Amino acid sequence: MLTLVLYGVLVVLAVTTAIVVVRTILFQRSQQAAKKIEGVPVDAQKVAEHLAAAVRCQTVPLDETGTPDPEAFRQLHQMLAETYPLVHRHLQRDVVNGYSLLYTWPGTQPDLEPVMLMAHQDVVSADPEAWTHPPFEGKIVDGFVWGRGTLDIKNQLIGIMEAAEALLGQGYQPQRTLLFGMGHDEETGGVNGCRVMGLLLKERGIHLAGIVDEGGGISAGLAPGVRGEVALVGVSEKGYLTVEFTVQSQPGHSSTPPPQTAIGILARALARLEAHPLPTHLRRLRPLYHGIGRAVPLYLQVAFANIWLFGPLLKRWLVGIPEMNASIRTTTALTIVRGGVEDNTVPPEAKAIVNFRLLPGDTIADVLRYAARVIDDERVTFEPVPGKFNEALPISPSQGPAYEGLRMVIRQVFDNPPVAPFVMLGGTDCQHFVPVCDHIYRFTSLVMDESFRGLEHGIDERIPVDGMARMVTFYGHLMQAWGAPAMSIAPFAGDK
Ligand SMILES: [Zn+2]
Numbered sequence: 000m001l002t003l004v005l006y007g008v009l010v011v012l013a014v015t016t017a018i019v020v021v022r023t024i025l026f027q028r029s030q031q032a033a034k035k036i037e038g039v040p041v042d043a044q045k046v047a048e049h050l051a052a053a054v055r056c057q058t059v060p061l062d063e064t065g066t067p068d069p070e071a072f073r074q075l076h077q078m079l080a081e082t083y084p085l086v087h088r089h090l091q092r093d094v095v096n097g098y099s100l101l102y103t104w105p106g107t108q109p110d111l112e113p114v115m116l117m118a119h120q121d122v123v124s125a126d127p128e129a130w131t132h133p134p135f136e137g138k139i140v141d142g143f144v145w146g147r148g149t150l151d152i153k154n155q156l157i158g159i160m161e162a163a164e165a166l167l168g169q170g171y172q173p174q175r176t177l178l179f180g181m182g183h184d185e186e187t188g189g190v191n192g193c194r195v196m197g198l199l200l201k202e203r204g205i206h207l208a209g210i211v212d213e214g215g216g217i218s219a220g221l222a223p224g225v226r227g228e229v230a231l232v233g234v235s236e237k238g239y240l241t242v243e244f245t246v247q248s249q250p251g252h253s254s255t256p257p258p259q260t261a262i263g264i265l266a267r268a269l270a271r272l273e274a275h276p277l278p279t280h281l282r283r284l285r286p287l288y289h290g291i292g293r294a295v296p297l298y299l300q301v302a303f304a305n306i307w308l309f310g311p312l313l314k315r316w317l318v319g320i321p322e323m324n325a326s327i328r329t330t331t332a333l334t335i336v337r338g339g340v341e342d343n344t345v346p347p348e349a350k351a352i353v354n355f356r357l358l359p360g361d362t363i364a365d366v367l368r369y370a371a372r373v374i375d376d377e378r379v380t381f382e383p384v385p386g387k388f389n390e391a392l393p394i395s396p397s398q399g400p401a402y403e404g405l406r407m408v409i410r411q412v413f414d415n416p417p418v419a420p421f422v423m424l425g426g427t428d429c430q431h432f433v434p435v436c437d438h439i440y441r442f443t444s445l446v447m448d449e450s451f452r453g454l455e456h457g458i459d460e461r462i463p464v465d466g467m468a469r470m471v472t473f474y475g476h477l478m479q480a481w482g483a484p485a486m487s488i489a490p491f492a493g494d495k
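Residue numbers (numbering that gives the first Met the number 0): 0 to 495.
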């Protein structure tokens, strides 16, 4: 009998081990080295000066709704026209809704679906007092271009223009039509810029084969457990949902209070929401580790290949890392609470605002149902705040010509880092093109180390001159790759 049990245990162990090993082998994705190809000519100093000139145009919104400053945009548009004469001679330029720019570089094969490269012209404000070099003077000091927008994202605006001008100078003509979409109000949601541009493309009957907008970059430490640099391409964006919770109760004097006031009832509801976050899912993180492939340490490869077995362990590790926690679940953040004005009065009402960020796969309706179940108290009413919610965006495929072409270009330009897909935690302008494109990728072609932390929207925003030059090379490669019918220029060395 004992030998039979022992035999059974051994069989189960052997089968489990076999499954784990086979799944791990299937999980591994090799990323072969990309062949280097000739890039567009880049004069790093000139490019830096052009970026500095763009920084001097203070395209900061005049108010919270994103009202543009006409003079700043006039300056920027004039600067672009003067600096990039070939682009402005050969490309069609549409001004969309007054300030956004849509450039069309017609391909020689008009039957191919166009692609679009994006950047936004607006920047957030900056307090000059706090900066080492003034935020809008475009200083080039110590190998950096300093100023607001040098990372977010006049760098991409200039990178795209610079690469197109250089390619035109070489007589290059794309086979596939290239569009450049430059919104003017991304920082305030893009409703007047790229949303209108998206509608315009739809109206023109244009469907895009691919989009690259700002997003993930190249950095070490992006995937916990993985050493070395990784390039992350955003394939989706989390959704957004702000909910207002309200409790009303009998007002009165605090000398004779009811057992529970509106504040107490609301507080209990909020505490329950925080104590019961939405469930975690590894489904959005697995492709990231899968994409990184062999650069992932073996124990993590084994774990991610066998979520059926190691899922609970992985989750326990990941929820302790804030960025990872946000990557595997819809997050819950209590952000505003209001109730009561007098110390001796029981208030008639208490209100709170909770901000959820939706993991693709969770819908707004799911989250509202979940909140109702967790709170389980009919005295608490709640509803989404108008204009403050959108579903998570569809997930663009991390395979196929558009993704593979982009992946190859990243590896050609940046010394072959592993390239992997991820879900962006914040939103960008490209959300407005979901109706006209199924292959939307968010990638900023810049190697960023610790020293970049907090610079975007922060103090002393700056970009290395050589990093900016490499961005031009990246766009030059990408235009040639995506401008080709196959969406790539040179096959991977050794890839079929
Ligand atoms: Zn931006």
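Glycine is no exception: its CB is placed at the ideal position from the N, C-alpha and C atoms. Remember, predicted model here, so these are calculated numbers, not experimental data.
Three or more Cβ pairs closer than 8 Å define a contact, and the segment 157 to 177 meets that threshold against the segment 472 to 485. Listed as beta-bridge partners of Q91 by DSSP are T103. Pairing F381 with T245 gives a Cβ-Cβ distance under 8 Å.
Going by beta carbons, G158 and M423 fall outside the 8 Å limit. In this model, E112 and E236 are separated by some 24 Å (Cα to Cα).
Distances taken from the Cβ of I152 to the heavy atoms of ligand 1 include one shorter than 7 Å.
Taken through DSSP and simplified to helix, strand or coil, G7 comes out as helix. Within the same chain, Cβ atoms closer than 6 Å to the Cβ of G65 are found at D184, T187, the five residues on either side in sequence being excluded. Looking from the CA of L25, the closest CA among A371, A302, H206, P396 belongs to A302. In the structure shown, the three-state DSSP call for M0 is coil.
With a threshold of 16 other beta carbon atoms within 10 Å, G170 falls short and is exposed.
Between I462 and the set E128, V225, C56, L50, the nearest pair of CA atoms involves L50. For E273, no beta strand (DSSP E) encloses it; the enclosing alpha helix (DSSP H) starts and ends at 261 to 274. Using a Cβ distance threshold of 8 Å, Q155 and E213 count as a contacting pair. Contact between L358 and R283 holds: their C-beta atoms lie close to 6 Å from each other, under 8 Å. CA-CA distance, Y402 to M117, rounds to 16 Å. For H275, the CB stays at least 7 Å from every heavy atom of ligand 1. Judged by DSSP secondary structure, V336 falls within the beta strand (DSSP E) whose first and last residues are 330 to 338. Residue pairing of P257 in beta bridges, as defined by DSSP: absent, with no partner found. Under the three-state reduction of DSSP output, E136 falls in the coil class, being neither helix nor strand. For Q57, the closest C-alpha among the options E63, A71, P67, K45 is that of A71. Relative to ligand 1, E460 has its C-beta separated by 7 Å or more from all heavy atoms. DSSP places T16 in the helix class (H, G or I) of the three-state scheme. For M470, the enclosing alpha helix (DSSP H) stretches over residues 464 to 481. Counting only the Cα atoms, W316 lies some 45 Å from V41. One Cα belongs to R368, the other to R378, and the distance between them is close to 16 Å.
Contact between the segment 257 to 265 and the segment 332 to 343 is present, with at least three C-beta pairs closer than 8 Å.
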